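One structure below.
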Amino acid sequence: MKKRIFLILGVFVALLASFGSMHAQRAKEYFNFEERGEAYFSFKMPEKKVLAELAQIMSVDKVNAETGTVIAYANEEEFEAFLRYGMKPTILTPPSMERVVEMMDYRPGAKNDWNTYPTYEGYVSMMNEFQANYPSLCTTSSVGKSVKNRELLVCRLTSSVNAGKKPKVFFTSTMHGDETTGYVVMLRLIDYLLSNYETDPRVKNILDKTEVWISPLTNPDGTYRMGNNSVNGATRYNANNIDLNRNFKDDVHGDHPDGMPWQPETQAYMDFQSQHNFVLGMNVHGGAEVVNYPWDNKKERHADDEWFKYISLNYATTCKAAGTASYMSDVEPNGITNGADWYVITGSRQDNANYFHRLREITLEISSTKLVQASQLPKYWNYNKEAMLDLIEEAMYGIQGTVTDAATGQPVKCLITIKNHDKRNSDVYSDASTGFYVRPIKAGTYTLTYKADGYPETTREVTVVDGQTVVMDVALGNAVPAPVANFEGTPRQIKEGESVSFKDLSTNNPTSWSWVFEGGTPATSTAQNPTVTYATAGSYKVTLTVTNATGSNTKTEENYIEVVAVQPAPVANFEGTPRKIKEGETVTFKDLSTNNPTAWLWGFDGGTPALSTEQNPTVTFPKAGHYTVRLTATNATGSDTKVEENYIEVIVDTNLADVVAQTGILIRHESEAKHIHIKADAPIRTVVLYDLNGRTAFRSVPNAVSTSVDLSAMPEGIYTISIRTDKAVRTEKIRIG
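First residue of the sequence shown? That's 1 in UniProt numbering, and the numbers climb one at a time after it.
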């Protein structure tokens, strides 16, 4: 074995220089984020509401109610958000820089006393050597890659005994890169299980009856932030300065509770867990000594809260017995806490695993010191070894069995639910490829229901004793037959624009419906009993496909719906010829209405007749003026009316109209030439034209018995002319133009 101490004192000096006195309320003035990416600081504990808000925008690490102090990590953006609360931070020396630790450049075959930290290359070599040395017990593979392209390695530990029907256990560590105690302890656990299989009956029993998957380093970029040769200078966050334990999909706060994209590490482990039917899990952290059980994101107890407290207390108590009186006591005297009771966080790995992957996962805070002296690492192994073996064995207990098809014996994927107990995805599925399932649960008597597509629900009652296994194999029989599609529509003959109500008459309990309606709106539907509107005349087919877990069936009816055309209401229109006539002349009206009206009602202001029901009437207009024409056209569907104001113009019966009134005033109006000639039997004193608003448009004072008025400059329109002589006044309407 070749040991080295990689001193990075020069880096310490550069980084620690940035921890000096800072004054302005800006992140960069408190801390040089370009050098490290995250600040480690403390602040006075605010009220609970504010602390809860802060926990959503940065990574709260410790809350000490006794001292009233909170310790947290933040990247630059998070730190700026913190400063907006007006609180003063105290920059602290990061845990990974408090001491220089001994590193080991591991070489295959070398003796390992587990009292050093491995270099990254040494870690990879060690993981590969596990498989090389124990090929029948260990498979080393990669879950994915980190931001910096480092491998996310995992070892699968199990024997060939009872292959495929074993509870799967998944232990992970160091998702916060500066919490490295668990990293080495997990490596040693792998080595211990492999090297003792042949000699230790307990270890043999574990690997014969379980599959143990261990990923010791889930944030290698954070752990080796300063380079592959040292864990000094490690960061909590990954290479993108994101806290991975706030980055997981969350059932309460959504896909991205931290507002950031899923990191490569987060995505890799979520995908990996989706591929395996894990039963029990533990993720290992540092910075405290406590066993944390779900939930983290809200103060709601898990359906298996009693079981979680039971295994957590067993773990903590076993650690205390193997360690010192003070071990596992810095958060709670008994060494366990509900996550949200400690402090609420969102996007945690623990909550994601329990909700979305249905395994029972706890969080172990293994050491109050995040970066312990390398010489102290064996101590934490000794404290936790028995507790870890106990925890793995818990995956064997409770209820387990195999779900199969009674007729074929083939495995069935089945949802196993405990009546009046399960909630928030605490129920479990049997494995699709083996039918095997495990349901850890606290001692008691329970009613289990087995639900699988294509089978009737099955119920079993079982009594569980702590630390023991109850085998409950279930063969599901009487598979539900595939459905037979059938339907009816009412009514089947409709007018355009009307609707048909369809009713599903299928047998054998379909669970989904897919309709296709030729010519209908909607054209498709997944409702069981949809209503469909048909806009256009024609004959249309209808298709229904029904499905259940066993299969599907389709029925098509050609020309099933008949849609009859509906004549639209008419659109009234007309023309009159001629539109300008002399008094007493006639106009011939022609109906131009569309959509086949069958009745007409005309109205002629000033006309004779004033009303007509003929389609094309002829009308006489006896007096000069401008007249409105109305036509209402009707058919069986409806009616429509068109009104044309001032449509017909009737002028006096000569082009040069001579009108002599009793006043003795004669007016001769040349309307086209815009001239008026006036004669009177007495001197004409004034000639005045008024527009339709009563305003004076023209005025002259002839003082003669005859005069001519030139109106060519006047705008076209209707005016009132008033002529006053010494004997009389005559007023008339005239039109210019």
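Ideal placement from N, C-alpha and C gives every residue a C-beta, glycine not left out.
The structure displayed is predicted, hence computed values, not measured ones.
Cross-strand partners of residue i (DSSP beta bridge)
i, result
"D504", "F487"
"residue 771", "Missing from the structure shown is residue 771; the chain here goes from 1 to 737 and no further."
"W600", "A633"
"G717", "I736"
"K88", "None, per the DSSP bridge assignment."
"F517", "V542"
"Y560", "According to DSSP, which records beta bridges pairwise, Y560 is partnered with nothing at all."
"Q493", "E562"
"Y293", "N338"
Close-in-space but distant-in-sequence residues of the same chain around residue i (CB under 7 Å, 5 per side omitted)
i, result
"A565", "E496 and A537"
"A661", "Confidence at A661 is low in this model, with a pLDDT of 46, below 50, so its placement is unreliable and the value that follows should be read with caution. Hits under 7 Å: R730."
"G37", "N75, T235, Y237 and N241"
"N508", "V480, P481, A482, P483, V484 and N548"
"A72", "F41, M58, S59, V60 and D61"
"Q56", "T346"
"K541", "E518, T556, E557, E558, N559 and Y560"
"T521", "V532, T533 and A535"
Outcome for residue i when other beta-carbon atoms lying within 10 angstroms are tallied against a minimum of 16
i, result
"V643", "exposed"
"D207", "The displayed chain sequence assigns Leu, not Asp, to residue 207. That one is buried."
"R26", "exposed"
"K168", "buried"
"T526", "exposed"
"S426", "buried"
"A24", "Residue confidence for A24 is low, a pLDDT of 37 falling below 50, so the modelled location carries little weight; the figure read from the coordinates is stated next. Classification for A24: exposed."
"N354", "buried"
"Y85", "exposed"
"P108", "exposed"
"G409", "exposed"
"D351", "buried"
"I648", "buried"
"V161", "exposed"
"A680", "buried"
"T511", "exposed"
"K48", "exposed"
CB contact flag (residue i, residue j, <8 Å)
i, j, result
"Y315", "A387", "yes"
"N553", "P597", "no"
"V101", "V231", "yes"
"V546", "F502", "no"
"N245", "R150", "no"
"F31", "F79", "yes"
"M103", "F43", "no"
"A572", "S593", "yes"
"A443", "D422", "no"
"Y120", "P216", "no"
"Y183", "P94", "no"
"T618", "T588", "yes"
"T210", "K166", "yes"
"T550", "G454", "yes"
"T318", "D390", "yes"
"I441", "D305", "no"
"Y380", "S368", "no"
"K607", "Y627", "Per the sequence shown, the amino acid found at residue 607 is Gly instead of Lys. Cβ atoms of G607 and Y627: closer than 8 Å."
"S326", "G335", "no"
"I723", "I651", "no"
"G347", "N247", "yes"
"M270", "K249", "yes"
Close-in-space but distant-in-sequence residues of the same chain around residue i (CB under 6 Å, 5 per side omitted)
i, result
"A268", "V143, G144 and L152"
"I311", "E394"
"S539", "N559 and E562"
"F33", "E76"
"A475", "T404 and A406"
"I5", "Annotation note: pLDDT 35 at I5 (below 50); position unreliable, no value reported."
"G576", "V587 and F589"
"L711", "K674 and I736"
"Q273", "H357"
Near the ligand SAH: residue i beta-carbon under 7 Å from a heavy atom
i, result
"S368", "Judged by which ligands are present, the structure shown has none, so any question about the ligand SAH falls away."
Supposed close pair residue i, residue j - CB separation, criterion 8 Å
i, j, result
"D591", "Q615", "5 Å"
"I416", "V462", "Wrong, their Cβ atoms sit about 11 Å apart, outside the cutoff."
"V705", "A728", "Actually they do not touch by this definition, with Cβ atoms about 13 Å apart."
"L364", "V284", "5 Å"
"M282", "E332", "Contact flag wrong, Cβ pair sits at about 18 Å."
Contact set for residue i: own chain, Cβ-Cβ below 8 Å, skip 5 residues either direction
i, result
"A322", "N382, Y383, N384, K385, E386 and A387"
C-beta neighbour in chain D for residue i, strict 8 Å
i, result
"Q567", "Absent from the structure: chain D. Only one protein chain is present."
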